[in-house]
Amino acid sequence: MIDAHFSRAIHGAVSSWMHDNALKSCLSALDHPSQLGALLLPTVKAYLASVGVELYEVQEHAWTNPLIHLRAVFDVPKDLPETPSAFIPVPDVATTIAARACAVACLAALNSDTVSYGSENDGHLFVNLVVLYGDDEFATKSKSDMRGHTDGVSFPLRGQPHEFDERVAPSPDFVCLSGLRNPDSILTTVMPLTAVLEHLSPEDIAELTKPQYVIRPQKTFKIGLEKMFGKRHALARPMENIQLLFQAGNGYWIRYSHSAGDAKFDSDLPRAALDRFEKACVDCSTSVVISPGDILVVNNRVGLHGRAEVGGEPGGESRWLLRTYGLDTRSLTPDQRYAESPFKLFP
10 MIDAHFSRAI
20 HGAVSSWMHD
30 NALKSCLSAL
40 DHPSQLGALL
50 LPTVKAYLAS
60 VGVELYEVQE
70 HAWTNPLIHL
80 RAVFDVPKDL
90 PETPSAFIPV
100 PDVATTIAAR
110 ACAVACLAAL
120 NSDTVSYGSE
130 NDGHLFVNLV
140 VLYGDDEFAT
150 KSKSDMRGHT
160 DGVSFPLRGQ
170 PHEFDERVAP
180 SPDFVCLSGL
190 RNPDSILTTV
200 MPLTAVLEHL
210 SPEDIAELTK
220 PQYVIRPQKT
230 FKIGLEKMFG
240 KRHALARPME
250 NIQLLFQAGN
260 GYWIRYSHSA
270 GDAKFDSDLP
280 RAALDRFEKA
290 CVDCSTSVVI
300 SPGDILVVNN
310 RVGLHGRAEV
320 GGEPGGESRW
330 LLRTYGLDTR
340 SLTPDQRYAE
350 SPFKLFP
């Protein structure tokens, strides 16, 4: 029931705010998401309190579960514009403004600011997840399935320093996906880390906590990093001797992509542990359909996520999600931010 109450709280707060403000003002407010989140949060808290739910219960729920599925958080009319065929820009219409504001409010309730990274999609706060035009690697990948991974994998977990550049901000705590179209009910997959680790032996878990794997910047980040620093810069290249699994409180946090096995291991143990981890991810996968008006919040520390094959052609009424990130930014340093932006993080 927490998800249902949280959905209604977000819907009510954003609907009331948009009713009381001109559309142009609502759009401008998205340029300052932390301020917008602070503005909407009291209304969210008040609704939750009216149904006997405390905000800390929602936050606890978000950290003990790999996903929160909020249904019908915003309205999607039939006259929605054609699905874009590029990551950016997001069309500025009432529906996408509502979707973005709902994401900001949701993340604010989870003690997270809505953030972007300057090295991905030019630092845009929200991007379209759509089928792309063309036959290059990005276009092909936009149609294919995606195995379980965490986002921003070449950046450290919150609370951990970067391997060699202290300016690098942490990867996001949350990945927030807002549904605008999903005509074929394409599945988003989520793998709960606790369930995955239950399939592994203590020896496997110990291997994954050793700094012996490889991490490569994910492609959307790699392009930006190369543009900013050059192809030979260390931030744009694979990093060796990386730890994937970290103890956090009473459990673990994960940092993972499928480049992890590219290392030259000293024995068969790390490779075998990784193979069993990947198999467990498949065995433990759960599926969600993000319908129009839904928001899916994936915990990027205690869950991995992927998707089924999308296929189809770009544009028209093809699948269309918006994506943004949430992060507890209270411990960030000025060097981990861009001075000219209230939400963009380095690099």
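If you count the sequence shown from 1, position 61 lands on 70 in our numbering, and the numbers rise without skipping. Positions of the beta carbon are idealized from the N, C-alpha and C atoms, including for glycine.
Collapsed DSSP secondary structure at Cys293 in the structure displayed
The residue given as residue 293 occupies position 284 in the sequence shown. In this structure, Cys293 counts as coil in the three-state DSSP scheme.
What is the rounded straight-line gap between the Cα of Val85 and the Cα of Cys293?
Walking along the sequence shown from the start, residue 85 turns up at place 76. Walking along the sequence shown from the start, residue 293 turns up at place 284. Roughly 32 Å separates the two Cα atoms.
Mapping the DSSP letters down to three states, classify Glu249 as helix, strand or coil.
Locating residue 249 in the sequence shown gives position 240, where the first residue counts as 1. Residue state, collapsed to three classes: strand.
Under a Cβ-count criterion, where at least 16 other Cβ atoms within 10 Å of its own Cβ denotes burial, should Glu216 be classed as buried or exposed?
Here residue 216 refers to the residue found at position 207 when the sequence shown is read from its first residue. That one is buried.
Integer-rounded CB distance, given that Arg316 should sit under 8 Å from Thr198:
The residue labelled residue 198 in the question sits at position 189 within the sequence shown. The residue labelled residue 316 in the question sits at position 307 within the sequence shown. Contact flag correct, Cβ pair sits at about 6 Å.
According to DSSP, is Gly233 part of a helix, a strand, or is it coil?
As a working note, residue 233 is residue 224 in the sequence shown. Here Gly233 sits in helix by DSSP.
Considering only the beta carbon of each residue, do Tyr334 and Val162 sit closer than 8 Å?
Taking the sequence shown and counting its residues from 1, the one referred to as residue 334 is at position 325. Taking the sequence shown and counting its residues from 1, the one referred to as residue 162 is at position 153. In this structure, Val162 does not lie closer than 8 Å to Tyr334 by Cβ.
For Glu2, I'd like the list of residues in its chain whose CB is within less than 6 Å of its CB, leaving aside the five on either flank, ordered along the chain.
The shown model of the chain, from 10 to 356, leaves out residue 2, and the question about it has no answer.
Asp182 versus Thr73: straight-line alpha-carbon distance, rounded:
As a working note, residue 182 is residue 173 in the sequence shown. As a working note, residue 73 is residue 64 in the sequence shown. Answer to the nearest angstrom: the Cα atoms are 13 Å apart.
Neighbour-count burial assignment, Arg339, 16 or more Cβ in a 10 Å radius
Numbered from its first residue, the sequence shown carries residue 339 at position 330. Counting Cβ neighbours within 10 Å, Arg339 comes out exposed, since fewer than 16 surround it.
For Asn250, is the classification buried or exposed, using 16 other Cβ atoms within 10 angstroms of its Cβ as the cut-off for buried?
Position 241 of the sequence shown, counted from the start, is the residue given in the question as residue 250. The residue in question, Asn250, is exposed, as its Cβ has fewer than 16 Cβ neighbours within 10 Å.
Below 8 Å on the Cβ atoms is my guess for Leu39 versus Leu32; work out the distance and round it to an integer in Å.
For the purposes of this step, residue 39 is taken as the residue at position 30 of the sequence shown. For the purposes of this step, residue 32 is taken as the residue at position 23 of the sequence shown. With a Cβ gap of about 11 Å, Leu39 and Leu32 do not count as contacting.
Beta strand (DSSP E) segment containing Val155, residue limits:
Walking along the sequence shown from the start, residue 155 turns up at place 146. The question names Val, but residue 155 is Met in the sequence shown. Segment 155 to 158, the beta strand (DSSP E) holding Met155.
Let me make sure I understand the geometry here. Which of Leu336, Ser300, Arg310, Lys353 has the alpha-carbon closest to that of Ser327?
In the sequence shown, counting from the first residue as 1, residue 327 sits at position 318. When only C-alpha atoms are compared, the closest one is Ser300.
Would you kindly work out how many angstroms separate the C-alpha atoms of Leu209 and Ala281, rounded to a whole number?
Stepping through the sequence shown from its first residue, residue 209 is reached at position 200. Stepping through the sequence shown from its first residue, residue 281 is reached at position 272. Distance between the alpha carbons of Leu209 and Ala281 is about 11 Å.
Quick check on DSSP: helix, strand or coil for Thr104?
For the purposes of this step, residue 104 is taken as the residue at position 95 of the sequence shown. Note: Thr104 maps to helix in three-state DSSP.
How about Leu79 and Phe15: are their beta carbons less than 8 Å apart?
Mapped onto the sequence shown, residue 79 falls at position 70. Mapped onto the sequence shown, residue 15 falls at position 6. Cβ distance < 8 Å, so Leu79 and Phe15 count as in contact.
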